[in-house]
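Here the protein sequences come in this chain order: H and B. Under this note's numbering, the first residue of the first sequence is numbered 160, with each subsequent residue one higher. Under this note's numbering, the first residue of the second sequence is numbered 160, with each subsequent residue one higher. Think of the CB as a built atom: it goes at the ideal place given N, C-alpha and C, for glycine as much as any other residue.
Number of protein chains: 2
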Amino acid sequence: MYANPIEPVALKNVTIDRGFWGARIDTNRRATLPIEYEQLKKTGRIEAWKLDWNEGKSYKPHRFWDSDSAKWIEAAAYSLTSHPDEHLEALVDEVIDLIEKAQQPDGYLNIFYTAVEPENRWANLRDWHELYCAGHLIEAAVAYYQVTGKRKLLDVMIRYAKYIDQIFGPNKGQKRGYPGHQEIELALVKLYRVTGQQRYLNLAKFFIDERGQQPPYFDLEARARGEDPVKDYWAGTHKYNQSHVPVREQTEVVGHAVRACYMYAGMADVAAETNDPTLVEALQRLWQNVTEKRMYITGGIGPTLRNEGFTFDYDLPNDMAYAETCAAIALVFWAHRMFHLDPDRRYIDVLERALYNGVLSGVSLDGTTFFYANPLAAFPEVNPYPGVPLDETRHYRRSEWFDCACCPPNLARLLANLGQYVYSTGKNAIYVHLYTAAKAQIDLNDQVIQIEQQTNYPWDETVRFAIQSEPPGQFTLALRLPGWCRQANIKVNGQAMSTMTEQGYARIDRTWQPGDQVELTLSMPLERIETHPRVRQNAGRFALQRGPVVYCLEEVDNGPNLAHVIIPRESEPAVTFDRNLLGGVSVITGQALRRDVQNWPNALYRPIESPKMTPFAFKAIPYCFWANRQPGEMQVWLREG
Amino acid sequence: MYANPIEPVALKNVTIDRGFWGARIDTNRRATLPIEYEQLKKTGRIEAWKLDWNEGKSYKPHRFWDSDSAKWIEAAAYSLTSHPDEHLEALVDEVIDLIEKAQQPDGYLNIFYTAVEPENRWANLRDWHELYCAGHLIEAAVAYYQVTGKRKLLDVMIRYAKYIDQIFGPNKGQKRGYPGHQEIELALVKLYRVTGQQRYLNLAKFFIDERGQQPPYFDLEARARGEDPVKDYWAGTHKYNQSHVPVREQTEVVGHAVRACYMYAGMADVAAETNDPTLVEALQRLWQNVTEKRMYITGGIGPTLRNEGFTFDYDLPNDMAYAETCAAIALVFWAHRMFHLDPDRRYIDVLERALYNGVLSGVSLDGTTFFYANPLAAFPEVNPYPGVPLDETRHYRRSEWFDCACCPPNLARLLANLGQYVYSTGKNAIYVHLYTAAKAQIDLNDQVIQIEQQTNYPWDETVRFAIQSEPPGQFTLALRLPGWCRQANIKVNGQAMSTMTEQGYARIDRTWQPGDQVELTLSMPLERIETHPRVRQNAGRFALQRGPVVYCLEEVDNGPNLAHVIIPRESEPAVTFDRNLLGGVSVITGQALRRDVQNWPNALYRPIESPKMTPFAFKAIPYCFWANRQPGEMQVWLREG
């Protein structure tokens, strides 16, 4: 269905049931999905679909509660793909029944603007999330239909989408509006792909094309509400929602990070479907800006809580990093689409960086608690997430839920759908993006190719592929050579071979025989990574990275006062696999120096004295697994000495 | 009038018309006071006293506009003390006439709650600043009466204070409330001192004693407004306004920093007047907490904009430091009172630290622009003050005014009143706190002692005192030996002498003859200061300080990328006086290393390489004068290498 000749191999064709991601997906299915359903129930989010809210209820719906149910349904759908589960499917169907009943005669569907503030329907696109909620429900409907073949939610959302398509558009009597929180654009492209109805693609394109045009729609609707569009706008700038200029003129990633990346993903979808090079050029510029100037080493983006988003080039604070889980997830969505517009490993390198670090840090190892913000350093009482009062907590820890609960179900739907990020096909080639134990059946040239990956990546350097092409078939197996890897070796059936590399993918072009074996070894030395010198926060510091995995020091392993730990340049840390730690991870150990911080006077300041440094053995663990043991300090960027 | 035997020498007896502070006070009088009046006029703050506000006006009063006029009047009053100025006095009288007319028949006086929301009088003490405004008006009234003898504003405020005293109190029918923004407590003690009316002292004591008692008054009034006292309270904690526990049980400085220090100042006043050791003990604990764990080297306090206040021990971020100008000023107020409760130099050391650094940085050298927040490092586009949208400015610069305009007139009243901080008298002694060219007539033992200080402090180490005691009189001249000074020499009439030192004051006890000369030399080597190791932000860094003056590097002198400047331990910086720079300041120059930041790839991250370091000559200027030349980076805490 992609206009572009390269397309992802669908989730249903890829099974990840072992290895690093197998464990995470399993936890997601067994722990996270049920817990999230319980939270939806407990907090009133499911009951709210009955639209019978009144002041006597124990809850009051938020303006975007709909999206929480939607993302959970979408996650459940993906999970059902590989793990049929009657109980789960019945729960989803119950929620869908409620949603269907909540649809208004004209097709409109929204909890808050039906049950709480019906008078405010479409009154504030800028701040009030109606189109955002619609988008998530469309995504859920498409996913659930694709997995189960059940049309109920899809039909509901088609009715709603038709209604939205009547309300919004360029014609007389229509609103020339667009969402304040982007999301529906990419959802409408999904709806177009599943229904074949051009109108949904057109509407997605309209929302994208109209954004940032003069006069700003958000100003017009603010005035219609009797508000001053500038003075009464809390965010103070249209950059907050990326409507400051038309999207094709945007050159820097600005504003709310999730809004931004959902929009870029939607732009990429529209670009793919409409073959629009002007959108692609804008996206490439924006990609360059975010990855070269505004992204944490973890793939986290959006450094500040002030706008939950971007600030300026090279501004990457560590302990107050917002780096919202949803923003890293949105970066994954965008990166994946970029590859299919512009098949280059650099997009998947970032996707991998985010997955193994800034996304996965968002959920505890047991799948039950979640980070909203993902700082790169932690100290007692430093809390980058505003949901917790400043002085009510000593340690920044994962939470069971949030009032604004976008991140937990977003994690769930990403992990449950991880299979779709492993492979793509196109131009007589199979692209391998991610290395992970997985089995796949890949349609190529009217043939089904079976590929099984065996690997303990990212802990091990070697990935083995068993390729079953029956009958034998000629095609290219294109293996991503990650940007962090400086030495890759490929063997086919035990024979070392050299390959052409195109756009970062090593191309093995041959006629594949049943039982062919490929062995890829990605040299994975421990690296000390430094940051661009203009990132003032990391001056004099480095991070430990091995393969795609960024490491950190935690207090539980290294004692307190991590700010006073120095790793001497001549230290030679070693990597060992610890099967008993955190479910089995590679750890880094080595010699460090710690400043003796005892015997200070009762004073904040004193004339400097030569610090007494004591050697000790440090241990670093993968950043994504921090905060799974006893609370304490954490630090990614380490002082070199 | 102080119950305590030590009391400050009043402003009217001390003239500072030369030297470091003479220049600042002169600028304050010539530039700042007129500009602030123009701003009050231009923004509607004066017109608003007419109480004829309606939606058609170009302005809408804030809830605490009254306080802006009040602080300006108070500043003008202090200025008139040494510089009679008919024009200025006429302007003040005009404003006072408006204020008088704005008083309601029952004595109530407030712009917003008369002209805009009369129905909300006293409805929300927690957030709405009525008592705060009353306090500032009382301070203005007392000051203006003391200088001019004119009673109009004083009488207005006496009527208002009587009305407030009827409304609030422990008796039946009275509200057991207290201010959400403390300030009136110290003002009521001033009113008590000038009128001799015990009821004002009692009311101040009531506000202090009642604060933090159960059930919390702020919760009761929130419920009366139909609000949930927790969920609907934006700050989320009573710590925000220091009403979480009774004041005598408080052990840590918490919440909004200005509220906190105004309260501590008020507590000190009540403690002094009521001889209450329980208040003094609480204040000493709080003092210890703030100065040993929560204060910048500049005397700035309150590191975050989230609550405009305190966070937790040892949390002192630099480039996002809030360190509100008003908070440093409030610390001066509190410190001064602490000395008079507990005569020890440590209080004046902090007062001096704040004055020369975190207070004075709040105003430009020409007196026309102001900082609200006073960060200790600046980078393009880093903006710790929320009044400016995040991405609308490249450099954090002083502003001409603020919507919330507390800082500019607070600076004006402090500078105009600086004379009162120089000396105290008590127990047959004259205490010299501040070293600054000044002339004073000091009443001691029914005699007037004239003291003239001659000094170019803080640039020079030597202070000369000419003491005229006619007839000769026996008393102690107690000279503060600042905490930063490790070698002080005293000569009397050219003869070196050794003295007893008590609580940090060198006591020269003799019978003074007319024409006696004292020469104090405070050894003022350049020091590298380090921070308590638990302040993670300053790990591996030091600051340059000489005497009370903290230094910083600015981009205009040192080029960009200050994060990559290293001052080698063996560097021996020199101090020179540059009469052409910033009105004449001592500068520090020396050898530093700068990392070569050229030739980076278009990437944020790379495997570490050995940095190439280039030597260069650095120049540091006094922190208080930063941002007076071309915009750029600034840094107080420097990397040692």
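Among B/F492, B/L603, B/Y531, B/H397, which has the Cα closest to the Cα of B/Y580?
In the second sequence, the residue the question calls residue 580 of chain B occupies position 421. Cα-wise, what sits closest to B/Y580 is B/F492.
What is the DSSP secondary structure of B/R788, reduced to helix, strand or coil?
Within the second sequence, numbered from 1, the residue matching residue 788 of chain B stands at position 629. Three-state DSSP puts B/R788 in coil, outside helix and strand.
Around the C-beta of H/K390, are 16 or more other C-beta atoms found within 10 angstroms, so that it is buried, or is it exposed?
Taking the first residue of the first sequence as position 1, residue 390 of chain H is located at position 231. It counts as exposed.
Which of helix, strand or coil DSSP assigns to H/S745:
In the first sequence, counting from the first residue as 1, residue 745 of chain H sits at position 586. DSSP places H/S745 in strand when its eight states are reduced to three.
CB-CB under 6 Å to B/Q609, same chain, minus the five flanking residues each way: which ones, in chain order?
For the purposes of this step, residue 609 of chain B is taken as residue 450 along the second sequence, with counting starting at 1. Excluding positions up to five away in sequence, the list reads Q600, Q627.
Beta-carbon contacts of H/P811 that lie in its chain and below 6 Å, excluding the five residues immediately before and after:
Only positions 160 to 800 of chain H appear in the structure, and residue 811 of chain H is not among them; the question remains open.
Specify the secondary structure class of B/Y616 as computed by DSSP and reduced to three states.
Sequence index remark: in the second sequence, residue 616 of chain B carries index 457 (1-based). Note: B/Y616 maps to coil in three-state DSSP.
Which ranges does the alpha helix (DSSP H) cover as unbroken runs of at least 4 residues, wholly within the region 538-582 of chain H, from first to last along the chain?
566-575
Taking 7 Å as the limit between beta carbons, can you name the residues of its chain near H/R382, skipping five residues before and five after?
Taking the first residue of the first sequence as 1, we reach residue 382 of chain H at position 223. Answer for H/R382: P388, listed in chain order.
For B/K650, the residue or residues it bridges with in DSSP
Along the second sequence, one-based indexing puts residue 650 of chain B at 491. B/A655, B/E678.
Within chain H, the residues that B/T690 reaches when beta carbons sit closer than 7 Å
By 1-based counting over the second sequence, the position of residue 690 of chain B is 531. By Cβ distance, chain H contributes L763, Y764.
Which chain B residues sit within Cβ distance under 9 Å of H/V756?
Here residue 756 of chain H corresponds to residue number 597 of the first sequence, with the count starting at 1. Within 9 Å Cβ-Cβ: H691, P692, R693.
For a contact defined as C-beta to C-beta under 7 Å, what are the partners of B/F561 on chain H?
By one-based count along the second sequence, residue 561 of chain B stands at place 402. What B/F561 touches in chain H: nothing, since even the nearest Cβ is about 15 Å away.
Let's see if you can read the secondary structure: which residues bound the alpha helix (DSSP H) around B/V305?
The residue you call residue 305 of chain B lines up with position 146 of the second sequence. Looking at the sequence provided, one finds Gln at residue 305 of chain B rather than Val. Element bounds for B/Q305: 289-307.
If you check the beta carbons only, do H/Y664 and H/V622 fall under 8 Å apart?
Numbered from 1 along the first sequence, position 505 holds the residue referred to as residue 664 of chain H. Numbered from 1 along the first sequence, position 463 holds the residue referred to as residue 622 of chain H. Against a cut-off of 8 Å, the Cβ pair of H/V622 and H/Y664 comes out as no contact.
Taking the DSSP output, what are the residues bridged to H/D225?
Numbered from its first residue, the first sequence carries residue 225 of chain H at position 66. BP columns for H/D225 are empty, so no partner.
Of all the CB atoms in chain H, is at least one closer than 8 Å to the CB of B/M160?
Residue 160 of chain B sits at position 1 when you count from the first residue of the second sequence. Note that B/M160 has pLDDT 37, beneath the 50 cutoff, so the model's placement of it is unreliable and no number is given.
Closest to B/I780 by CA distance: which of B/A419, B/V744, B/E792, B/Y616 is it?
Numbered from its first residue, the second sequence carries residue 780 of chain B at position 621. That would be B/V744, whose Cα lies nearest to the Cα of B/I780.
DSSP three-state label for H/L362, please.
Mapped onto the first sequence, residue 362 of chain H falls at position 203. The answer is helix: DSSP assigns H/L362 an H, G or I state.
What whole-angstrom Cβ distance do H/L524 and H/L741 have, given they're in contact under 8 Å?
Position 365 of the first sequence, counted from the start, is the residue given in the question as residue 524 of chain H. Position 582 of the first sequence, counted from the start, is the residue given in the question as residue 741 of chain H. Confirmed, about 6 Å.
Neighbourhood of H/H340 by C-beta distance below 6 Å, restricted to the same chain and skipping five residues each side:
Taking the first residue of the first sequence as position 1, residue 340 of chain H is located at position 181. Excluding sequence neighbours, H/H340 sits near H288, Y291, R418.
Counting only the same chain and skipping the five closest in sequence on each side, list residues whose C-beta sits under 6 Å from that of B/I725.
Within the second sequence, residue 725 of chain B is the residue found at index 566, counting from 1. Closer than 6 Å at the Cβ level, and outside the excluded window around B/I725, lie L752, R798, G800.
Here's a check: name, in chain order, each residue in its chain whose Cβ is nearer than 6 Å to the Cβ of H/T240, leaving out the five neighbours to either side.
Here the question's residue 240 of chain H lines up with position 81 in the first sequence. Contacts found: L170, K171, V306.
Locate the beta strand (DSSP E) running through B/A776, then write down its first and last residues.
Indexing the second sequence from 1 puts residue 776 of chain B at position 617. Taken as a continuous stretch (DSSP letters only), the beta strand (DSSP E) holding B/A776 covers 772-781.
At 7 Å on the CB atoms, spell out the chain B contacts of H/R687, in chain order.
Residue numbering aside, residue 687 of chain H sits at position 528 when the first sequence is read from its first letter. Simply P766, I767.
What are the start and end residues of each continuous alpha helix (DSSP H) run of 4 or more residues lying completely inside the region 714-759 of chain H, in chain order?
714-717
Could you tell me whether the Cβ of B/H242 comes closer than 8 Å to any Cβ of chain H?
Against the second sequence, residue 242 of chain B aligns to sequence position 83. No - not a single Cβ of chain H is within 8 Å of the one on B/H242.
Outcome for B/M422 when other beta-carbon atoms lying within 10 angstroms are tallied against a minimum of 16
Walking along the second sequence from the start, residue 422 of chain B turns up at place 263. With 16 or more Cβ atoms within 10 Å of its Cβ, B/M422 is classed as buried.
What residue does the beta strand (DSSP E) around H/A190 start on, and which one ends it?
Sequence index remark: in the first sequence, residue 190 of chain H carries index 31 (1-based). No beta strand (DSSP E) holds H/A190; DSSP gives it neither H nor E.
State yes or no: is the beta carbon of B/T470 nearer than 8 Å to at least one beta carbon in chain H?
Here residue 470 of chain B is taken as the residue at index 311 of the second sequence, counted from 1. True, the Cβ-Cβ gap to chain H drops below 8 Å.
Would you say H/M454 reaches chain B, if we count a Cβ-Cβ gap shorter than 8 Å as a contact?
In the first sequence, counting from the first residue as 1, residue 454 of chain H sits at position 295. Judged by the 8 Å Cβ criterion, H/M454 is in contact with chain B.
Cβ neighbour criterion (16 or more within 10 Å) applied to B/T186
Position 27 of the second sequence, counted from the start, is the residue given in the question as residue 186 of chain B. By the 10 Å Cβ count, B/T186 comes out buried.
Thinking H/A482 and H/P462 are a contact (beta carbons under 8 Å), I'd like their distance in whole angstroms, please.
Here residue 482 of chain H refers to the residue found at position 323 when the first sequence is read from its first residue. Here residue 462 of chain H refers to the residue found at position 303 when the first sequence is read from its first residue. Indeed, because the Cβ distance is near 7 Å, the residues count as touching under 8 Å.
Going by DSSP, name the residue or residues bridged to H/P164.
Position 5 of the first sequence, counted from the start, is the residue given in the question as residue 164 of chain H. Answer is none; H/P164 lacks a bridge partner.
Just the Cα atoms here: how many angstroms apart are H/A394 and H/G468?
Reading the first sequence from its first residue, position 235 is the one you call residue 394 of chain H. Reading the first sequence from its first residue, position 309 is the one you call residue 468 of chain H. Going by the C-alpha atoms only, they are around 11 Å apart.
Going by CA-CA distance only, name the one from B/N434, B/D508, B/G328 that's closest to B/W643.
To locate residue 643 of chain B, count along the second sequence from 1; it is residue 484. With distances taken between Cα atoms, B/W643 lies closest to B/D508.
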